[in-house]
Amino acid sequence: MIPTITAFERSPDGGKGLARDMRVRWALEEVGQPYEVRLVSFEAMKQPVHLALQPFGQVPTYEEGDLVLFESGAIVLHIAERHAGLLPNDANARARAIAWMFAALNTVEPPILELVTVKILEGDKPWSKERLPLVMDRIRTRLGQLSVRLGDADWLDGAFSAGDLMMVHALLRLQLSGMLGEFPALAAYVARGEARPAYQRAFAAQLAVFTAAHAR
Ligand code: GTB
Numbered sequence: 002m003i004p005t006i007t008a009f010e011r012s013p014d015g016g017k018g019l020a021r022d023m024r025v026r027w028a029l030e031e032v033g034q035p036y037e038v039r040l041v042s043f044e045a046m047k048q049p050v051h052l053a054l055q056p057f058g059q060v061p062t063y064e065e066g067d068l069v070l071f072e073s074g075a076i077v078l079h080i081a082e083r084h085a086g087l088l089p090n091d092a093n094a095r096a097r098a099i100a101w102m103f104a105a106l107n108t109v110e111p112p113i114l115e116l117v118t119v120k121i122l123e124g125d126k127p128w129s130k131e132r133l134p135l136v137m138d139r140i141r142t143r144l145g146q147l148s149v150r151l152g153d154a155d156w157l158d159g160a161f162s163a164g165d166l167m168m169v170h171a172l173l174r175l176q177l178s179g180m181l182g183e184f185p186a187l188a189a190y191v192a193r194g195e196a197r198p199a200y201q202r203a204f205a206a207q208l209a210v211f212t213a214a215h216a217r
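Per our numbering, the sequence shown runs over residues 2 to 217.
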């Protein structure tokens, strides 16, 4: 059965693949599962039809027969559990790869999202300038710890896994900030993720949506 995912009709990310449908596209490309995309506007996301799929009025969602999923982490885990290629067969290694998915979502991504909040959403607040260095320090702490753990390995725990997919995508949000450049091992890690053919196909697909929307 061909799953259908949802994505921004007009992504505010400038076609950089930063919206979270990119994780799902990438996972589907990694496992060789064709998929369809339903594009939704910001307005449509808040309507009952979409809220029935995603209670918070966001993308991505995932529909496959009777199954409806939301939360990019849950969707990628579902894909990884049902197809070969994103989780190791060994039970302990599989559990560790899933732990890295959680680490990406719960430990590394939150301070990165705070940076977006303080720079963009709260950029006009009087305390924003004072808060920025605090948020950047919290990110640096996490990047330093992650970099130590990665060491000179290609991926976080053996072969590329769904844990790396989630981590690379979370880190990509930092590209414009230049902070990744302070951690060359992480910059190289992200570049390895981006160089994967599956990432390239997913990136091209979301860019085509962005380009078409902005040509209209
Ligand atoms: N925890 C949920 C998940 O992982 O699926 C979070 C989903 C989420 O944040 N979705 C965003 C959304 O639908 C799009 S990805 N937002 C609309 C809304 O809340 O009204 C987040 C995102 C948005 C924009 C950029 N960007 O412009 O660079 C990057 C990422």
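Glycine included, every Cβ here is placed at the ideal spot set by N, Cα and C.
Taking the CB atoms as reference points, tell me whether residue i and residue j lie closer together than 8 Å.
| i | j | result |
| --- | --- | --- |
| GLU37 | ILE76 | no |
| MET168 | ALA98 | no |
| GLU115 | VAL136 | yes |
| GLY74 | MET102 | yes |
| LEU40 | VAL191 | no |
| LEU87 | LEU147 | no |
| GLU64 | THR5 | yes |
Using 8 Å for Cβ pairs, my map puts residue i next to residue j. What's the rounded Cβ distance?
| i | j | result |
| --- | --- | --- |
| ALA94 | ALA163 | Not confirmed; about 12 Å, so no contact. |
| MET180 | ILE121 | Not confirmed; about 16 Å, so no contact. |
| GLN207 | ALA8 | 7 Å |
Would you identify the three-state DSSP class for residue i, choosing helix, strand or coil?
| i | result |
| --- | --- |
| GLU37 | strand |
| PHE184 | coil |
| PHE161 | coil |
| VAL25 | helix |
| ALA100 | helix |
| PHE57 | coil |
| LEU105 | Before going further, note that residue 105 is Ala rather than Leu in the sequence given. Here ALA105 sits in helix by DSSP. |
| ALA8 | strand |
| GLU123 | coil |
| GLU44 | helix |
Below 7 Å CB to CB, which residues in the same chain sit around residue i once its five sequence neighbours on both sides are set aside?
| i | result |
| --- | --- |
| PRO218 | Here the chain has residues from 2 to 217 only, and residue 218 is not among them. |
Going along the chain, which residues of its own chain have a beta-carbon closer than 6 Å to the beta-carbon of residue i, five neighbours each way excluded?
| i | result |
| --- | --- |
| GLU123 | SER129 |
- Message: I'd like to know if the segment 151-158 and the segment 183-200 are in contact, where contact means that at least 3 CB-CB pairs between them fall below 8 Å.
- Response: Using a Cβ-Cβ distance cut-off of 8 Å, the segment 151-158 and the segment 183-200 are in contact, since at least three pairs of beta carbons, one from each stretch, lie closer than that value.
- Message: When you compare the segment 170-180 with the segment 19-34, are there three or more beta-carbon pairs, one atom per stretch, that lie closer than 8 Å?
- Response: Flag = yes, the segment 170-180 and the segment 19-34 touch.
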